[in-house]
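J.: Respectively, the protein sequence lines represent chains A and B.
Each residue of the first sequence is one higher than the one before, starting from 3 at the first, in the numbering used here.
Each residue of the second sequence is one higher than the one before, starting from 3 at the first, in the numbering used here.
By construction, the Cβ of each residue, glycine as well, lies at the ideal position given by its N, Cα and C atoms.
All of these numbers come straight from a predicted model, not from anything done at the bench.
Protein chains: 2
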Amino acid sequence: METPKKVKVGAQALHAMVRDMFAAAGMEAAPAGVVADVLVWANLRGVDSHGIARVPRYLEMFASGEAAARAAMETQRLRPGVLMVHAKGAPGPVALTHAVRQAMEIARETGVCWAAVRGTVHTGAIGYYTELAAREGFAVIGLVAGVPNMAYTGSSVPAVATSPVSIAMPSAAQPTPVLDMATAAIALGKIAQYKIAGKPLPEGSALDADGVPTTDAAKAETPLPMAGAKGAGLSLMLELLCGVLTGNPIVTEYHTHTPEGERHRQNATFIVADVSAFQPPDRVRAMVDATLDTLHGLPRSGADAILFPGERGASTLAARSASGIPLPMASWKKLVADAERLGVRPAALLD
Amino acid sequence: METPKKVKVGAQALHAMVRDMFAAAGMEAAPAGVVADVLVWANLRGVDSHGIARVPRYLEMFASGEAAARAAMETQRLRPGVLMVHAKGAPGPVALTHAVRQAMEIARETGVCWAAVRGTVHTGAIGYYTELAAREGFAVIGLVAGVPNMAYTGSSVPAVATSPVSIAMPSAAQPTPVLDMATAAIALGKIAQYKIAGKPLPEGSALDADGVPTTDAAKAETPLPMAGAKGAGLSLMLELLCGVLTGNPIVTEYHTHTPEGERHRQNATFIVADVSAFQPPDRVRAMVDATLDTLHGLPRSGADAILFPGERGASTLAARSASGIPLPMASWKKLVADAERLGVRPAALLD
Numbered sequence: 003m004e005t006p007k008k009v010k011v012g013a014q015a016l017h018a019m020v021r022d023m024f025a026a027a028g029m030e031a032a033p034a035g036v037v038a039d040v041l042v043w044a045n046l047r048g049v050d051s052h053g054i055a056r057v058p059r060y061l062e063m064f065a066s067g068e069a070a071a072r073a074a075m076e077t078q079r080l081r082p083g084v085l086m087v088h089a090k091g092a093p094g095p096v097a098l099t100h101a102v103r104q105a106m107e108i109a110r111e112t113g114v115c116w117a118a119v120r121g122t123v124h125t126g127a128i129g130y131y132t133e134l135a136a137r138e139g140f141a142v143i144g145l146v147a148g149v150p151n152m153a154y155t156g157s158s159v160p161a162v163a164t165s166p167v168s169i170a171m172p173s174a175a176q177p178t179p180v181l182d183m184a185t186a187a188i189a190l191g192k193i194a195q196y197k198i199a200g201k202p203l204p205e206g207s208a209l210d211a212d213g214v215p216t217t218d219a220a221k222a223e224t225p226l227p228m229a230g231a232k233g234a235g236l237s238l239m240l241e242l243l244c245g246v247l248t249g250n251p252i253v254t255e256y257h258t259h260t261p262e263g264e265r266h267r268q269n270a271t272f273i274v275a276d277v278s279a280f281q282p283p284d285r286v287r288a289m290v291d292a293t294l295d296t297l298h299g300l301p302r303s304g305a306d307a308i309l310f311p312g313e314r315g316a317s318t319l320a321a322r323s324a325s326g327i328p329l330p331m332a333s334w335k336k337l338v339a340d341a342e343r344l345g346v347r348p349a350a351l352l353d
Numbered sequence: 003m004e005t006p007k008k009v010k011v012g013a014q015a016l017h018a019m020v021r022d023m024f025a026a027a028g029m030e031a032a033p034a035g036v037v038a039d040v041l042v043w044a045n046l047r048g049v050d051s052h053g054i055a056r057v058p059r060y061l062e063m064f065a066s067g068e069a070a071a072r073a074a075m076e077t078q079r080l081r082p083g084v085l086m087v088h089a090k091g092a093p094g095p096v097a098l099t100h101a102v103r104q105a106m107e108i109a110r111e112t113g114v115c116w117a118a119v120r121g122t123v124h125t126g127a128i129g130y131y132t133e134l135a136a137r138e139g140f141a142v143i144g145l146v147a148g149v150p151n152m153a154y155t156g157s158s159v160p161a162v163a164t165s166p167v168s169i170a171m172p173s174a175a176q177p178t179p180v181l182d183m184a185t186a187a188i189a190l191g192k193i194a195q196y197k198i199a200g201k202p203l204p205e206g207s208a209l210d211a212d213g214v215p216t217t218d219a220a221k222a223e224t225p226l227p228m229a230g231a232k233g234a235g236l237s238l239m240l241e242l243l244c245g246v247l248t249g250n251p252i253v254t255e256y257h258t259h260t261p262e263g264e265r266h267r268q269n270a271t272f273i274v275a276d277v278s279a280f281q282p283p284d285r286v287r288a289m290v291d292a293t294l295d296t297l298h299g300l301p302r303s304g305a306d307a308i309l310f311p312g313e314r315g316a317s318t319l320a321a322r323s324a325s326g327i328p329l330p331m332a333s334w335k336k337l338v339a340d341a342e343r344l345g346v347r348p349a350a351l352l353d
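And the structure:
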């Protein structure tokens, strides 16, 4: 793969810049900081596709009205253990951070909370929210479903979304184990990287514009689901859990192919359980560590190390927190142009 | 693939035979009927690997003490929304049917219940439990984790279990959508079928006895996870959710390689939400149907039909309920031998 030219920025300086940009675009200071938290966290963890590269799109969505810089979110406690957050176009980081924090409060009482988020935009890296709750002592499942951009087994067109699933559990000495996986065989960003590198895609990754499977990255249009019918079925069930329970089904509306039906929006679900309901929390954290240690010690097959979900991201975060976040020059230039337009001073580069 | 000689048995007659066998092996009548419900359901749905072919293994486990024919199960309501079922070796169908039914009762009050099942054996097809609750108006997630029988990304040995995930939602005119997927790239039973047929396995399906990837079904020892690191990570997180929260971690114990550590056992989790907490239930069922209808109507790519999760199983169930369950002669003969040993009269064959 080609390595594009990069710049390096300190995490705090980048956070302040992004926060100030969202504030200049009309958000209040606190929620602007929350969006910056989630995006910069993704860059720190090495998930650059979900980081500050998304800022321009947020700004577009505020301008077009797809997203609301000052959303009048409403939160309803529908039952002792059930929460519904009407995001009303609030950015995903704002709606989902609110939902997961409220769910934690409820789960301290009831043991478990199912928090549904209706009508947000771009949820970012959902591992952010599940990891945040796991660190505080909760077992967490996070699910998102959005606008179709992936084939379903047998379909020739985008049918369902590359919806992610995240699961996190509290640990002690080990970093928090946090799975964050899309239901697609390949990310759209990865297809673009194969295209730039002129390499063939792995078999079963994508369909071309005619709905025929292809390994030609230049012709790939629609990612296929991971593991065939399993990924397809999982994505469909996430739409039913997230879209139908919030009364905001996306797949049905999208396939009407009206502008309103195709409008970008997402629904989400967090299931948050207080581990202290089950076992003493220190014992839970110790058992999690013991399981991760066991995994590390297993006989290996052609691998330097066995990693648990979230382990690589935690070490990338440690490194980038210390020495700065590398950003592709193109992303940085776009961010700076938007910052200057909004009257925000760009962060200083590190080297 | 070779088609082995089959016999055909009526579902009710098969159910009565299996129930009477479990009763003769020491179970009380009602739980014996529950185990028969779950196993015969799997055969009716076409999931023959989880059907009555498992009866001999249950009988062995009762004889060896791995499973308890008359388990003194204990149920604790740990918090308003949290249930723990101590199965104490009760067969999975007994412990899990109890857990999911109790969770439904709790969810009617609190909106959601997290039910943890500690120390059961052989849970059967977990779609049985999620489908049962979905039909009654609940959104359900079912998770199981057991003894390692699958590689983890980078390991040369069985590291984690081929743990299944099931998700079900209530529908109206359509059959209940119910996903029930293992986290492995291939089932052990499928490897055996490839071996019999002398066909190569798909790439990335399995490791040989030395921990090296192989497509030779005769040499395949350990299935690989589905979708690489995604399936591995998902299985690990299921162990943390099911094993750690019940205080009965299996992966850690298994890798001590003591007889006790390697003993067959499983933990399970059901998350059950009352859809009427979110939306009027008729509206939920209608939105689910609309989504499934949309899927059916999509442009297809080389497929006769687009099926939602559980759809094929529902049509197989309809056909086999009407005309009987085909069983491989070898399974049937083994079942009859066990029945005769227990003094139970075998079901009459249909043709």
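(1) What are the residues of the region 275 to 286 of chain B that lie near chain A, defined by any Cβ-Cβ distance shorter than 8 Å?
(2) In this structure, what does DSSP give as the bridge partners for W116 of chain A?
(3) For M171 of chain A, which of helix, strand or coil comes out of DSSP?
(4) Let's see if you can read the secondary structure: which residues bound the alpha helix (DSSP H) around I308 of chain A?
(5) What residue range is occupied by the uninterrupted alpha helix (DSSP H) comprising L181 of chain B?
(6) Could you name the residues of the same chain whose beta carbon sits closer than 6 Å to that of P251 of chain A, not counting the 5 residues immediately before and after it, in chain order?
(7) Please report whether the beta-carbon of R81 of chain B lies at a distance below 8 Å from any beta-carbon of chain A.
(8) Look at the alpha carbon of P95 of chain B and the alpha carbon of H266 of chain B, and state the distance between them as a whole number of angstroms.
(9) Mind listing the chain B neighbours of L247 of chain A? Cutoff is C-beta to C-beta under 8 Å, in chain order.
(10) Among the candidates A:M289, A:T293 and A:L240, whose CA atom is the shortest distance from the CA of A118 of chain A?
(11) With H, G and I counted as helix, E and B as strand and the rest as coil, what does DSSP make of K336 of chain B?
(12) Mind reading off the beta-carbon distance from V123 of chain B to G91 of chain B? Whole number of angstroms is fine, and I expect it under 8 Å.
(13) Output, in chain order, the set of chain A residues within a Cβ distance shorter than 7 Å of K232 of chain B.
(14) Note down, in chain order, all residues in the region 163 to 176 of chain A with a beta-carbon under 7 Å from any beta-carbon belonging to chain B.
(15) Under the rule that 16 or more other beta-carbon atoms within 10 Å means buried, what is Q78 of chain B, buried or exposed?
(16) Measuring only between beta-carbons, confirm whether A147 of chain A sits less than 8 Å from chain D.
(17) Would you identify the three-state DSSP class for R79 of chain B, choosing helix, strand or coil?
(18) If the criterion is Cβ atoms closer than 8 Å, does the pair P160 of chain A and D340 of chain A meet it?
(19) Can you check which of these residues, B:A234, B:E342, B:A220 and B:V149, is closest to G263 of chain B by C-alpha distance?
(20) Which chain B residues sit within Cβ distance under 7 Å of R103 of chain A?
(21) Assuming V20 of chain A and L41 of chain A are in contact, meaning their beta carbons sit under 8 Å apart, how far apart are those beta carbons, in whole angstroms?
(22) What does the alpha-carbon distance come out to for the pair Y60 of chain A and K232 of chain B?
(23) Near H312 of chain B, which residues of its chain fall below 8 Å by C-beta distance, leaving aside the five closest residues on each side in sequence?
(24) In the DSSP output, which residue or residues are listed as bridge partners for A73 of chain A?
(25) Can you name the start and end residues of the alpha helix (DSSP H) that P261 of chain A belongs to?
(26) Starting from the beta carbon of W116 of chain A, find every residue of chain B whose beta carbon is closer than 7 Å, and list them in chain order.
(27) Round the Cβ separation of F280 of chain A and L294 of chain B to the nearest angstrom and send it over; I've been treating them as touching at under 8 Å.
(28) Taking 8 Å as the threshold (C-beta atoms), are L236 of chain B and F310 of chain A in contact?
(29) Decide if L352 of chain A is buried, meaning its Cβ has at least 16 other Cβ atoms within 10 Å, or exposed.
(30) Is there a C-beta anywhere in chain B that falls below 8 Å from the one on E241 of chain A?
(31) How about A332 of chain B: is its C-beta nearer than 8 Å to some C-beta of chain A?
(32) If you scan the region 217 to 260 of chain A from start to end, which runs of the alpha helix (DSSP H) of 4 or more residues do you find wholly inside it?
(33) Considering only their Cβ atoms, is the gap separating A105 of chain A from L80 of chain A smaller than 8 Å?
(34) Where do the N-terminal and C-terminal ends of the alpha helix (DSSP H) with F140 of chain A fall, by residue?
(35) Measure the alpha-carbon distance for V214 of chain B versus A147 of chain A and round it to whole angstroms.
(36) Contact criterion: CB-CB distance below 8 Å. Does Y154 of chain A meet it with respect to chain B?
T.: Taking the structure as given:
(1) Answer in chain order: A275, D276, V277, A279, F280, Q281, R285 and V286.
(2) Partner(s): A:V84 and A:I273.
(3) Three-state DSSP puts M171 of chain A in coil, outside helix and strand.
(4) Where I308 of chain A is concerned, there is no enclosing alpha helix (DSSP H), given that its DSSP letter is neither H nor E.
(5) Element bounds for L181 of chain B: not the alpha helix (DSSP H) but the beta strand (DSSP E), V180 to A184.
(6) Result list for P251 of chain A: G245, in chain order.
(7) By the rule that beta-carbons nearer than 8 Å mark a contact, R81 of chain B touches chain A.
(8) P95 of chain B and H266 of chain B: Cα-Cα distance of roughly 15 Å.
(9) Result: A141, A275, V277, F280, Q281 and V286.
(10) The shortest C-alpha separation from A118 of chain A is found at A:L240.
(11) Correct three-state label for K336 of chain B: helix.
(12) Going by Cβ atoms, the distance from V123 of chain B to G91 of chain B rounds to 6 Å, so yes, they are a contact pair.
(13) Close to K232 of chain B, with beta-carbon spacing below 7 Å, are these residues of chain A in chain order: M183 and M228.
(14) Taking 7 Å as the Cβ-Cβ cut-off against chain B, the residues of the region 163 to 176 of chain A that qualify are I169 and M171.
(15) Exposed is the call here.
(16) Of the chains in the structure shown, none is chain D; the protein chains are A and B.
(17) DSSP places R79 of chain B in the strand class (E or B) of the three-state scheme.
(18) Taking 8 Å as the cut-off, the Cβ atoms of P160 of chain A and D340 of chain A do not count as close.
(19) Comparing C-alpha distances from G263 of chain B to each of B:A234, B:E342, B:A220 and B:V149 shows the shortest one belongs to B:V149.
(20) Within chain B, no residue comes near R103 of chain A; the closest Cβ sits about 18 Å away, beyond 7 Å.
(21) The Cβ separation is near 6 Å, so the contact holds.
(22) One C-alpha to the other measures close to 29 Å.
(23) The question names His, but residue 312 of chain B in the sequence shown is Gly. Within the same chain, G312 of chain B has close Cβ partners G129, E133, A170, P177, T178, P179, V180, L181 and D182.
(24) DSSP lists no partner for A73 of chain A.
(25) Boundaries of the alpha helix (DSSP H) around P261 of chain A: P261 to E264.
(26) By Cβ distance, chain B contributes G113, V114 and A275.
(27) The Cβ separation is near 35 Å, so there is no contact.
(28) With respect to the 8 Å criterion, F310 of chain A and L236 of chain B are not classified as neighbours on the basis of their beta carbons.
(29) It is exposed - the Cβ of L352 of chain A has fewer than 16 other Cβ atoms within 10 Å.
(30) Output row for E241 of chain A: interface = yes.
(31) Chain A, which has no Cβ nearer than 8 Å to the Cβ of A332 of chain B, makes this no.
(32) If one requires a minimum length of 4 residues, the alpha helix (DSSP H) runs lying completely within the region 217 to 260 of chain A are 231 to 241 and 253 to 256, in chain order.
(33) 8 Å or more divides the Cβ of L80 of chain A from the Cβ of A105 of chain A.
(34) The continuous stretches of alpha helix (DSSP H) do not include F140 of chain A, which lies in the beta strand (DSSP E) extending over residues F140 to A147.
(35) V214 of chain B and A147 of chain A: Cα-Cα distance of roughly 37 Å.
(36) Taking CB atoms only, Y154 of chain A has a neighbour in chain B less than 8 Å away.
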